[in-house]
Amino acid sequence: MSIAVLRTFVSKRKEEHEALLSKRIKRVLKVSEDHASTSEPPLDSPKPNEKSNGECEETPDNEPRDICEEPEKLPVGKGQGELKPPRVLEALSATGLRALRYALEVDGIGQVVALDNDKASVEACRRNIKFNGSVAMAKVESNLADARVYMLTHPKEFDMVDLDPYGSPSVFLDSAVQSIADGGMLMCTATDMAVLCGGNGEVCYSKYGSYPLKAKYCHEMALRVLLACIESHANRYKRYIVPVLSVQMDFYVRVFVRIYTSAGNMKNTPLKLSYVYQCTGCDSFHLQPLGRTVSKNTSVRYLPGFGPVVPQECSDCGKKYNMGGPIWSAPIHDQDWVASILADVKSMKARYPAFDRISAVLTTISEELPDVPLFVSLHNLCATLKCTSPSAVVFRSAVINAGYRISGTQVNPLGLKSDAPMNIIWDIMRCWVKKYPVKAQPPEHPGSVILAKEPMLQANFARAVASLSKAQAKKVARFLPNPERHWGPKLRAGRTITSKHASLLGPETVDEILSNNEEHGEEPKAKRKKIQDSTSIS
1 MSIAVLRTFV
11 SKRKEEHEAL
21 LSKRIKRVLK
31 VSEDHASTSE
41 PPLDSPKPNE
51 KSNGECEETP
61 DNEPRDICEE
71 PEKLPVGKGQ
81 GELKPPRVLE
91 ALSATGLRAL
101 RYALEVDGIG
111 QVVALDNDKA
121 SVEACRRNIK
131 FNGSVAMAKV
141 ESNLADARVY
151 MLTHPKEFDM
161 VDLDPYGSPS
171 VFLDSAVQSI
181 ADGGMLMCTA
191 TDMAVLCGGN
201 GEVCYSKYGS
211 YPLKAKYCHE
221 MALRVLLACI
231 ESHANRYKRY
241 IVPVLSVQMD
251 FYVRVFVRIY
261 TSAGNMKNTP
271 LKLSYVYQCT
281 GCDSFHLQPL
291 GRTVSKNTSV
301 RYLPGFGPVV
311 PQECSDCGKK
321 YNMGGPIWSA
331 PIHDQDWVAS
341 ILADVKSMKA
351 RYPAFDRISA
361 VLTTISEELP
371 DVPLFVSLHN
381 LCATLKCTSP
391 SAVVFRSAVI
401 NAGYRISGTQ
411 VNPLGLKSDA
421 PMNIIWDIMR
431 CWVKKYPVKA
441 QPPEHPGSVI
451 LAKEPMLQAN
461 FARAVASLSK
471 AQAKKVARFL
481 PNPERHWGPK
491 LRAGRTITSK
501 HASLLGPETV
511 DEILSNNEEH
521 GEEPKAKRKK
531 IQDSTSIS
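If you count the sequence shown from 1, position 282 lands on 282 in full-length UniProt numbering, and the numbers rise without skipping.
Quick look at the structure:
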């Protein structure tokens, strides 16, 4: 996926440079034409070789031109001349596998700098560079350095920085946003999903500056928490981010953002951040924007957002709200980029061994509603009401027939994004329960409180034309099965394998490991420690 994004970045960067150069040339030509039209001498002007106050003396063609004719030349600055190949920094490279793949597989790439703080890793990386031939030796450079110090001492030198640490990237973000050139890209991974998904809210706040919520949308919220954190670090240096692609894959989240410098655009950051109010009784959630703008004539004022957007108790079920955030509530993907990446992947299918997985993820992202943060889970809605679940097509049809938009989400196969407010969603579910009644629940149960109200909207469950996405209509795979049985994070290095790990590794694997340990006379570390303690006491 990173290689696909990097290939698209190289081509887009070239297109942007050519467009900027063309714009500059047109502007210079226009200025020179205006200058020529205004500099025509009047009838009573002095003769050509005669000097006058504020005018230049004409010179022969073979002599240097005077400074008065400077506007005809293309001004020196950004965007002039040939575009240099992009420089890439892999901040935590280990043995350099990813840096080597960037150098060997991405056409048009320039220098790739691989950093690591471990001497053995750097030596292994340098060996791997030699193993991969002259191209790798010419492009890839391995250094022993602290990534934070290196990025701080090389400001705005790299067009792309790749951050993929163990756990949280928060300690690297401040220096990373400073090392990227204007318009460059930051690729950032976070693997501390337990923290980002609400398992340790206070730890998440200390690392990312946002409080997470436990809900079905927790993985998308993790993406938005990470984006808000990167934006916060960028704003300290009058910079801001533009997300290109944000994915949740396997057991981590990864975001691809471009970084620009503009004090004016930086002021829009509060408009892109929101707090989240999540009901503790039902699936209702509401967003509270941090800021707003008021326009008058040509001036724009930035003001605090209006609030609160919710009362003390949920208007649907009567329970209290939990409050989380702030999160990034602006779009997390650039659909033009997603379409370009997907087209590039399809055109080079043979060069992507994981083509099925990458195309499935990108296809799902291309069909998401870009301006709708977070999502609801149809199964959770039905669990709250204790009713049978309508099919996704039936529910989507009801939302579309009510005049709203709805789509799936890349994060969860059962998730549904919609711009319909929560009262419309619950009205549709009330109509569904009237059609398929449920058993009575205790009156204080959230589902009972919701069903006690009459629906304001009469839902239409007739099949809508747009109830199936294009990919679903063409039967394109969007969520692939796990590549192997017992797929998931494995044990941390150094842990002793016991029978309780059968659910992680599989019973066959655990039995094989235990039998090998018995053959070699190895004992679990815990038992060995107890035996040593008993002998020392005796």
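We put the beta carbon where it would ideally sit given N, CA and C, even for glycine.
Just so it is clear, the structure is predicted and the values come from calculations on it, not from any experiment.
| Query | Result |
| --- | --- |
| Between the Cα of residue 415 and those of 268, 329, 395, 9, spot the shortest distance and give me the residue it belongs to. | 395 |
| Cutting at 7 Å between CB atoms, please list the residues of its own chain near residue 192, excluding the five before and the five after it. | 167, 168 |
| For residue 197, does the three-state DSSP call read helix, strand or coil? | coil |
| Residues in its own chain within less than 8 Å of residue 334 by CB, not counting five upstream and five downstream? | 242, 243, 244, 245 |
| Can you say whether residue 231 is buried or exposed, counting buried as having 16 or more other CB atoms within 10 angstroms of its CB? | buried |
| Considering only their Cβ atoms, is the gap separating residue 213 from residue 541 smaller than 8 Å? | Any question about residue 541 goes unanswered here, given that the chain covers just 1 to 538. |
| Considering Cα atoms alone, identify which of 90, 318, 120 is closest to residue 443. | 318 |
| Taking residue 289 as the reference, which of 299, 268, 282 has the closest Cα? | 268 |
| Spatial neighbours of residue 380 within its chain, please: CB distance less than 6 Å, with the 5 preceding and 5 following residues excluded, ordered by chain position. | 216, 283 |
| Please determine, among 456, 171, 489, 18, the residue with the shortest C-alpha to C-alpha distance to residue 92. | 171 |
| Which residue wins for smallest C-alpha separation from residue 270, given the options 286, 97, 248, 327? | 327 |
| Check the DSSP bridge columns for residue 327 and list the partner residues they point to. | 274 |
| When the Cα of residue 195 is compared with those of 206, 157, 372, 2, which residue comes out closest? | 206 |
| Pull up the distance between the alpha-carbon of residue 306 and that of residue 120, whole angstroms please. | 55 Å |
| Beta-carbon within less than 6 Å of residue 198's beta-carbon, same chain only, minus the 5 sequence neighbours each way: which residues are those? | 212, 213, 214, 218 |
| Residues in its own chain within less than 7 Å of residue 330 by CB, not counting five upstream and five downstream? | 272 |
| Quick check: the Cα distance between residue 36 and residue 29, rounded to an integer number of angstroms? | 10 Å |
| Quick one: Cα of residue 190 to Cα of residue 440, how far? | 44 Å |
| Pull up the CB-CB distance for residue 476 and residue 363, whole angstroms please, since I reckon it's below 8 Å. | 6 Å |
| Three-state secondary structure (DSSP) at residue 204? | helix |
| Tell me which same chain residues have a C-beta within less than 6 Å of the C-beta of residue 277, skipping the five on either side of it? | 286, 310, 321, 323 |
| Given the structure, does residue 460 come close to the ligand ADP, in the sense that its CB is under 7 Å from one of the ligand's heavy atoms? | In the structure shown, the ligand ADP is absent, as is every other ligand, since no ligand is present at all. |
| With DSSP run on the structure shown, which of helix, strand or coil describes residue 24? | helix |
| Tell me which same chain residues have a C-beta within less than 7 Å of the C-beta of residue 85, skipping the five on either side of it? | 108, 109, 110 |
| Taking only three categories from DSSP, how would you classify residue 248? | strand |
| Tell me, please, which residues DSSP counts as bridged to residue 315. | Residue 315 pairs with nothing; no bridge assigned. |
| Cβ of residue 162 within 8 Å of Cβ of residue 105? | no |
| Just the Cα atoms here: how many angstroms apart are residue 407 and residue 340? | 21 Å |
| Measure how close the beta-carbons of residue 468 and residue 393 come, nearest whole angstrom, since I'm counting them as under 8 Å. | 6 Å |
| Between residue 141 and the rest of its own chain, which residues show a CB-CB distance below 8 Å, the 5 nearest in sequence each way excluded? | 111, 112, 113, 114 |
| Counting only runs of 3+ residues fully inside the segment 386 to 457, write out the beta strand (DSSP E) ranges in chain order. | 415 to 418 |
| Throw me the rounded Cβ distance for the residue 181 and residue 157 pair, which I believe falls under 8 Å. | 7 Å |
| Could you tell me whether the Cβ atoms of residue 257 and residue 303 are closer together than 8 Å? | no |
| Does the separation of the CB atoms of residue 369 and residue 296 fall below 8 Å? | no |
| Report the rounded CA-to-CA distance for residue 21 versus residue 87, giving the unit in angstroms. | 21 Å |
| Of all the alpha helix (DSSP H) runs that stay within the bounds of the segment 122 to 163, which reach a length of 4 or more residues? | 133 to 139, 147 to 152 |
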